[in-house]
């Protein structure tokens, strides 16, 4: 009979070879003979955890700490498994006990940092990772985790510093490549496309990664400096994508390996069809499995009493997409349609509840792309209607598959997709310019109303005053309430025209989600309109009710060029406020103008940017004119909200495209 020592050596041999079940058997045999064998208890718990048997593992790891209460490693291993089980308080106590036994225990600091991050105690997590790094400067993983936390907090300069330090580590360490990718992601988030592409290039020099090559090729700046900059960016974008199309590029899972969309193309003020189609072609060439076809699409199901429609989005919540789609999902006639809502788990708010309650069935998308496709395919839909494509990576790549005989998209992200398996783009005659069909890879299907049954926005009581919002007293405030990513270079001329035309005015812009974006806009304006840039106020991001108060407090609200308001314009009109609209060249720049058309109001929309400036100044400086337009808005705004005709138009569209597949 082998000795305990021999059994332990045998178990470790199995363990190191990855033969976990054999190791488990021998460790258990040792413990049967010697129940207080601390090393065997610890390693049995470890090997059980490695097999996903965390509940069993905890018991043996706990026994190891009792058998040898002075061994810090046992407490650290116990803490890791407790963390995996979500027992955060117990896990924290285990790591703290390990550190009490050994104040220089790097793994305990590192794992404590991971735990504190999961608990959203970010400052404490950063401190724990810094402690690990101070003890062992070679712990690149600590630096990467610090950078990841700082990235999530939008402390991008600090994140970049952490990733740069990690990337400068031992070149033989494989984690240097991960640090370089994360460095690129941080520069990308900041809007520095050149620095991002450079970092990705360094990572690619270490290891081939075709998904990253595509990500680098499709990286765009967030704030554009000028029309010349836009044209150069798009020219380089096309060259990079074309070069990859000519190469042998292979991607297994673009959701994980590429993990990006072409979202920022839409903010350039130009037509995107060619570039979108080019990128879609690259994705399909590099990953042919994207063109998956659900079995029922090859053999369409007949004999149903109702048309089975799936509405898909990651944003069916308190978000512009959720607001645009809630009423339609609630009001479509159930005698004609069976409604399946397809969304992501973990969202909780009144719009989530309203949409889910209205659906005949709600399906939560798995995180894995293949599993998500199979889940939707299993619903055997007649029509799959994407409320948006281009904002969420998962639904973007899911849309390449044929998951229903008819697949549609609408204005949740108001740009064509270039994706061959999307058949229709639902829009409106109110917002499309002449000849718009050529702008879409999909078949454009305009209806007579706005494509929404928009619920009346809730306006809170006791809105904050100008003083409470920090706005200057005694000045006229012209507010552009749109996101910084819509601040096209042409905005500078509009702002300058307003400020030069009204010496008693300030223009207010809302800070971006990332402070660097607003900083880039301010720097651009300091160059393009230096005489008036000092009168541009940056308003901090604020709670939704304060944002509504901000619009209410403004004298004049105006849309930026090329990408108009949507949800904000609905809210402004609910307040009875006028919004200076622009009839742009593409639908995304004509939404507010389309709302005015729905109300029968023509004199608040400019056909060019000079007219927009003139209208803004007239509304700001002529109180009678402003009050006249606002009175007409109050008289006619009901035509924007909860319109049954919009539901009827949706119904007509769905029945029509369904019938087309039957003939």
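In my numbering, the protein residues as written are 1 to 663. Glycine included, C-beta positions come from ideal geometry on N, C-alpha and C.
With contact defined as three or more Cβ pairs closer than 8 angstroms, the region 535–544 and the region 246–257 are not in contact. DSSP places residue 410 in the coil class of the three-state scheme, outside both helix and strand. A straight-line Cα-Cα distance of about 10 angstroms links residue 660 and residue 654. Nearest in C-alpha terms to residue 380, of all of 504, 437, 301 and 2, is 301. Classified as buried, residue 449 has 16 or more neighbouring CB atoms from the shown chains inside 10 Å of its CB.
Bridge partners of residue 537 according to DSSP: 508.
Bridge partners of residue 480 according to DSSP: 509. Measuring C-alpha to C-alpha distances from residue 344 to each of 65, 335, 311 and 127 identifies 311 as the nearest.
Counting along the chain, residue 338 sits inside the beta strand (DSSP E) bounded by residues 337–343.
In the structure shown, the three-state DSSP call for residue 428 is strand. Contact annotation, residue 403 with residue 294: C-beta distance approximately 5 angstroms; criterion of less than 8 angstroms satisfied. When DSSP states are grouped into helix, strand and coil, residue 203 belongs to the helix group. Membership of residue 95 in the alpha helix (DSSP H) is indicated by the continuous run 88–101. Residue 556 carries a strand assignment under DSSP once its states are collapsed to helix, strand and coil.
When 427, 61, 77 and 489 are compared, the shortest CA-CA separation from residue 523 is found for 489. About 7 angstroms separates the CB atoms of residue 169 and residue 138; that is less than 8 angstroms, so the two are in contact. In the DSSP secondary-structure assignment, residue 361 is bridged to 340.
The residue from 59, 307, 186 and 12 with its alpha-carbon nearest to that of residue 340 is 307. In its chain, beyond the 5 residues on either side, 211, 214, 283, 286, 287, 290, 369 and 397 have a beta carbon closer than 8 angstroms to the beta carbon of residue 254. In the displayed model, residue 181 falls within a helix according to three-state DSSP. Sequence-distant partners of residue 637 (beyond 5 residues in either direction) whose C-beta falls short of 8 angstroms from its own C-beta, in its chain, are 573, 574, 576 and 599. Counting the other Cβ atoms within 10 Å of the Cβ of residue 4 gives fewer than 16, which makes it exposed. Nearest neighbour of residue 384 by Cα position, chosen from 472, 351, 392 and 423, turns out to be 423. In this structure, residue 323 and residue 454 form a Cβ contact; the two beta carbons are roughly 7 angstroms apart against a cut-off of 8 angstroms. Rounded to the nearest whole angstrom, the C-alpha separation of residue 174 and residue 516 is 31 angstroms. Of the candidates 342, 607, 141 and 418, the residue whose Cα lies closest to the Cα of residue 373 is 342.
In chain order, 316 and 317 place their CB closer than 8 angstroms to the CB of residue 347, counting only its own chain and leaving out the 5 sequence neighbours on each side. The closest CA to that of residue 331, considering only 452, 274 and 588, is found on 452.
The DSSP-derived three-state label of residue 81 is helix. Annotated three-state conformation of residue 519 is helix, per DSSP.
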